[in-house]
Amino acid sequence: MSVRTWDHVFPALSAAGLRIVLLDHRGCGQSDKDFADMSIDAIASDLVALIDLLALEKAVLNGWSLGGAVVVEAAARLGERCSGLVLTSGATPVYVEKPDFAHGGTQADMSATLAALSTDRVNFLHGLSQIICATDVGAHIENWFWQIFLQSSPAASATLAELATLDQRDMLKSLDLPILSFVGSEDSFVAPPICRWVDEHHSQARVIEFDGVGHAPFIEVMSKSVNFGLWYDFRNPAAWLEPFEQFYERRLAQITQAEGMGFDSVWLTEHHFCEDGYTPSPLVLGAAIGARTERMRIGTNLMLLPLHDPVRIAEDSATLSLCTGGRFDLGVGIGYRELEFDQFQRKLSHRPSLMEEGIEVVRRCWSGQPVNFSGKRFNVGNLPVTPAPVHAPKILLGGMVEPAIDRATRIADGFLCTGGIGLDLYVQALARHGRAPDEGNVMLGCWAIIAEDPEAEAARLGEHVLYQTNEYIKWGAFGPPDQTPLFEDAPSAIENGLYELWDADTAVQKLSALMNDYPMIRDIHFWAQFPGESVESGTQRMRYIAENVLPRLRRSR
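In terms of UniProt numbering, the sequence shown opens at residue 1 and continues consecutively.
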């Protein structure tokens, strides 16, 4: 298979200090597509040749799916140069049932698969991508698998055909090394008893079974875990002004880099008529991010829905979802700046009805059916709204007070939480609406400065932190501006509890406790940059989090 199948696992392995070497099989990924010999034997020879070239000793081989058969063959050839074997849903030792092995598929199933690959390859591979996981991992993961499958050469079917006669039982028994086999209990590609066979017939084997997941156990388990992301407002204050073309380019490049570090999501804000360029067009930026990334989810935290025509928001969001393989989530809030409402000819007093009706219109626009809606604020008369998203984006609602949080529970797919404010109110709202805490869905924006020496980092960032804090106060984010005094300096803002100061140990302790106390948390995202802070400075803090915090949090789950 392609090295891309390890995209979700590689960052964690690398962060754990392991040296990882990946290669594309013949006919897959970026390898040549015109190999005459696509056999398991030939692919194993390629693997051995690579190990020879790199002069590797005591290598541990890991094979997923058909790759399981490949690494067994390679391990047999390497002898003592191979120190261990990992089979991840490995198609070994036998794939198609035999008189003395009743666990595999049938010859008829294999023949039907090969025929479908020959006559309707694109649609067949699309179908496989939708059932490879037993749980709902999202359209973006399904499309990601589909694209990987499509990269392979049609001639690669010859490798699959070889599974019909595969029998590596004697070879596996002869291997004098530890073997670890991962299996999903609901795997419909490689029957779980196939993966368990090694545990019964090899003295050094161990099987770890993931309950309720399918053929891609790590990806499915990770999809149930908490995502960790970055939060951007794209402010470019006059005191540190960069040309906006350069400003955007450097931060978009930073986001691409962050994906490689292992961050899972990126979140964008919205405000208007700001001297520092605070993001006025998050969906446009979301499209630019989608074009530069392959795995990260893209969300808004948050857009000001009452300022917008909900039909247009639905159209733009659907298009963004389609262009990113379903990676987009629409987070919205009610807004609070009088200037914005005046300019867009909306009334602050109408915000609740603008929000309620707006969400209803957006959902109807995504239904694929003509939209009819008549309300206090919006009217849509039997209009087609196309294209409809394949998988509708989640609608997430932000807020800090009880009515807003109750609204998020009633009409949205999740709650956008700022700094933990309102989590208990959300739990109470879930209970009022007959739902358990773990049925909720929280995306949490974390106001923490995380660094090896957080106090020194806060002092270094003082002007930038103070600027961000006081601008929000001036707008009324934390209460009426005439009743909320500005901070005189950054230490006073931090001392009043707006920002947490954490080193890696403290961050892991605090965030682990938060995730345990509130199991509905699905995403935690950190400010990537403070206003006016250099990209290099933000990236340094990002890397510290990626290397010292995220791997430990993921292991704790």
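For each residue, glycine too, the CB sits at the ideal point set by N, CA and C.
The structure presented is a predicted model; accordingly, all values stated were derived computationally and were not measured.
- For I298, the enclosing beta strand (DSSP E) starts and ends at 297–300.
- Boundaries of the beta strand (DSSP E) harbouring N382: 379–383, taken from the DSSP string.
- The C-alpha of I411 lies about 40 Å from the C-alpha of S537.
- The C-alpha of T293 is placed about 23 Å away from the C-alpha of V332.
- Excluding five sequence positions before and after D41, the CB atoms of its chain that fall closer than 7 Å to its own CB belong to E73, given in chain order.
- Here DSSP, grouped into helix, strand and coil, assigns C417 to strand.
- In terms of Cβ geometry, P387 and A318 form a close pair [threshold 8 Å].
- Comparing C-alpha distances from V207 to each of R312, P192, M261 shows the shortest one belongs to P192.
- Going by DSSP, W527 is part of the beta strand (DSSP E) stretching over 521–527.
- In the three-state reduction of the DSSP assignment, V60 falls in the strand class.
- Every unbroken stretch of the beta strand (DSSP E) spanning 3 or more residues and falling wholly within the stretch 104–184 is given here in chain order: 179–184.
- Around I219, the same chain offers H8 as residues with beta carbons nearer than 6 Å, after the five sequence neighbours per side are excluded.
- Counting along the chain, the unbroken alpha helix (DSSP H) around F247 starts and ends at 244–261.
- In the same chain as L47, and ignoring 5 residues on each side of it, the C-beta atoms closer than 6 Å to its own belong to A74, in chain order.
- For S353, no beta strand (DSSP E) run applies; the uninterrupted alpha helix (DSSP H) run containing it begins and ends at 351–365, by DSSP.
- The DSSP-derived three-state label of V207 is strand.
- The residues H140, R297, I298, in chain order, have a CB closer than 6 Å to that of R327 in the same chain once the five nearest residues on each side in sequence are set aside.
- In this structure, the alpha-carbon of R435 lies about 11 Å from that of Y426.
- Going by DSSP, D342 is part of the alpha helix (DSSP H) stretching over 338–343.
- In this structure L305 is not in contact with P282, their Cβ atoms being roughly 12 Å apart against a cut-off of 8 Å.
- Assigned with DSSP and collapsed to three states, I334 falls in coil, not helix or strand.
- Taking C-alpha positions only, D136 is separated from V442 by approximately 18 Å.
- For N227, the enclosing beta strand (DSSP E) begins and ends at 227–232.
- For E162, the closest of P217, R364, N382, V94 by C-alpha to C-alpha distance is V94.
- When C-alpha distances from Y499 are compared across L53, A448, S512, the shortest belongs to A448.
- Note that the stretch 22–31 does not touch the stretch 308–324; fewer than 3 beta-carbon pairs, one per stretch, sit closer than 8 Å.
- Beta-bridge partners of L85 (DSSP): L61, I179.
- DSSP assignment within the stretch 472–532 yields the following whole alpha helix (DSSP H) runs of 4 residues or more, N-terminal first: 490–495, 504–517.
- DSSP lists F526 as the bridge partner or partners of C446.
- Going by DSSP, N236 is part of no beta strand (DSSP E) at all; its letter is neither H nor E.
- If you draw a straight line from the Cα of E259 to the Cα of A108, it is about 42 Å long.
- Rounded to the nearest whole angstrom, the CA to CA distance from E357 to F378 is 7 Å.
- Listed in chain order, the non-local C-beta contacts of L348 below 7 Å within the same chain comprise E338, F341, local neighbours out to five positions each way being set aside.
- Cβ-Cβ distances below 6 Å link W502 to A448, I450, P454 in the same chain, with the five nearest sequence neighbours on each side left out; the list follows chain order.
- For L396, the uninterrupted beta strand (DSSP E) segment begins and ends at 395–398.
- One thing to note: Y248 has its Cβ no nearer than 8 Å to the Cβ of A477.
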